């Protein structure tokens, strides 16, 4: 819900930071760390695209930053803040992995307050992934899938990722989308594993258009989640989770536990992947944090 009072403007910290704050009617104004500095074209494009957008009441733009997620964790911005960077040099992924974020992508963190207590971020991660998937398809026509729990994939390669950090009743949605990144700038070991919207379709939509589409896709999903309509959300997710209905290997089911194989059959209310073990007649195992490998194509 948008606040009815006029938000205060704050100065963005960090390299190349500019802040745009949404007014009552969705109008955006920009302040700079240096009063004489003009916001760069990238910031102006974002400002225009986000006028009247759902969920976002403040925009902080950086030309370069270590990580938008780290910035949000360190500075605790108000709910409704969207932090966008042109480039990250220390982005993070799931389970402490690094996230390569060269120019040409969308790298951002959205800070939201939740009325429903998020006991953990898995369900919200899946909703963020679905919103990103829907936004990519809507703006580019590219058909994508969700590789449980937090990747968006096209042609079997990673196209985008979502990481949600939960702090009491705040959720920090970290989002990275490879729009038009130069694949040659990725480390050689990663190049066979990643793709971009431009590589798949021949062109990529503007970053500002995509970030607005993500917000518009995420808002109704979060409304369903706040209402506790988990069954409806699972129905929305199920057709797009690439592992469901396929044979999988669960690589780390628990600390010290041996990997096992089975068939992914669905999701539980908290977003865990339900895996029926091969040759077993007991109840399916709910997998929450393990790496899962799809075995059949």
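Residue numbers (the working numbering): 41 to 337. Just so you know, even glycine gets a beta-carbon here, dropped at the ideal spot from N, CA and C. Computed from a prediction, not measured in an experiment: that's the story for all the values here.
Take residue 144 and list the residues in its own chain whose beta-carbon comes closer than 7 Å to its own, dropping the five residues that flank it on each side. Excluding sequence neighbours, residue 144 sits near 219, 220, 221 and 222.
Would you decide whether residue 321 is buried or exposed? Buried here means 16 or more other CB atoms lie within 10 Å of its CB. exposed
Neighbourhood of residue 254 by C-beta, 7 Å cutoff - its chain only, sequence neighbours within 5 removed: 171, 172, 175 and 215
Using the Cβ count rule (16 or more neighbours within 10 Å means buried), how would you classify residue 312? buried
Closest by C-alpha distance to residue 180, when choosing among 240, 154, 314 and 326: Answer by Cα proximity: 240.
Can you name, in chain order, every residue of its own chain whose Cβ lies under 6 Å from the Cβ of residue 339, other than the five neighbours on each side? Any property of residue 339 remains undetermined from this structure, which presents the chain solely from 41 to 337.
Between the Cα of residue 98 and the Cα atoms of 120, 85 and 114, which residue gives the shortest distance? 120
How far does the alpha helix (DSSP H) with residue 174 in it extend, from its first residue to its last? Start and end: 162-180.
Using the beta-carbon count (16 or more within 10 Å), is residue 341 buried or exposed? No information on residue 341 is available, as it lies outside the stretch 41 to 337 that the chain covers here.
With DSSP as the reference, identify every bridge partner of residue 300, one or two as the case may be. The bridge partners DSSP lists for residue 300 are 290.
Could you give the residue range of the alpha helix (DSSP H) that holds residue 115? 108-115
Boundaries (first-last residue) of the beta strand (DSSP E) holding residue 147: 146-153
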